[in-house]
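Chemist:
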Amino acid sequence: MATFPFELVSPERLVYSGQVTEVIVPGTEGEFGILAGHSPFVSTLQPGVLTIKGEGAPRKLFVRGGFAEANPQGLTVLAETAIPLAEFRPEKLAQMIKDAEEDVEDARDEATRARRLLFLEQLKSSAAAIEADARGAH
Numbered sequence: 001m002a003t004f005p006f007e008l009v010s011p012e013r014l015v016y017s018g019q020v021t022e023v024i025v026p027g028t029e030g031e032f033g034i035l036a037g038h039s040p041f042v043s044t045l046q047p048g049v050l051t052i053k054g055e056g057a058p059r060k061l062f063v064r065g066g067f068a069e070a071n072p073q074g075l076t077v078l079a080e081t082a083i084p085l086a087e088f089r090p091e092k093l094a095q096m097i098k099d100a101e102e103d104v105e106d107a108r109d110e111a112t113r114a115r116r117l118l119f120l121e122q123l124k125s126s127a128a129a130i131e132a133d134a135r136g137a138h
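According to UniProt numbering, the sequence shown is numbered sequentially starting from 1.
#1: Determine which residues share a DSSP beta bridge with K53 and list them.
#2: To the nearest angstrom, how far is it from the Cα of E69 to the Cα of A82?
#3: Return the bridge partner residues of P90 from the DSSP annotation.
#4: Are there 16 or more other CB atoms within 10 angstroms of the CB of G33, so buried, or fewer, so exposed?
#5: By how many angstroms is the C-alpha of Q95 removed from the C-alpha of A107?
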């Protein structure tokens, strides 16, 4: 299978840089897969599991916030948070969900409430995806 260059960057560091065969990204319009030679587009990220496929076992990371830019030359993902699932602590996501629930309750208008509710739903779906991935790994 053809490979292409992929970079995953967080504010702290370059998380991953290398040749890959496919990357599955949690976009705000839904999960999407990128292969070599993909047509250009940009998407925002929703909290979820990003999967990197190449040589060896797939690498999976929890990502939150940011953008993905694909073009025929490769893919770049800029993520606010990028944590390998092996290092991810479920209690951190549980705290994020709790904080988001409080933010929904504290919303002063419907537009703010709707935005916060959407973020809460994204966090909960991320938790479900991580849990399903953990069950599948065993």
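We put the CB at the ideal spot given by N, CA and C, even for glycine. On a predicted model such as this, the values are computed, not experimentally measured, just so you know.
Modeler: From the atom records:
#1: As a first step, residue 53 is located in the sequence shown; it is residue number 53 there, counting from the start. Partner(s): E22.
#2: Position 69 of the sequence shown, counted from the first residue, corresponds to residue 69. Position 82 of the sequence shown, counted from the first residue, corresponds to residue 82. Going by the C-alpha atoms only, they are around 16 Å apart.
#3: Start at 1 with the first residue of the sequence shown, and residue 90 comes out as number 90. P90 is not bridged to any residue.
#4: As a first step, residue 33 must be located in the sequence shown, where it is residue number 33. Exposed is the call here.
#5: Within the sequence shown, the letter at position 107 stands for residue 107. Within the sequence shown, the letter at position 95 stands for residue 95. If you take the alpha carbons of A107 and Q95, they lie about 18 Å apart.
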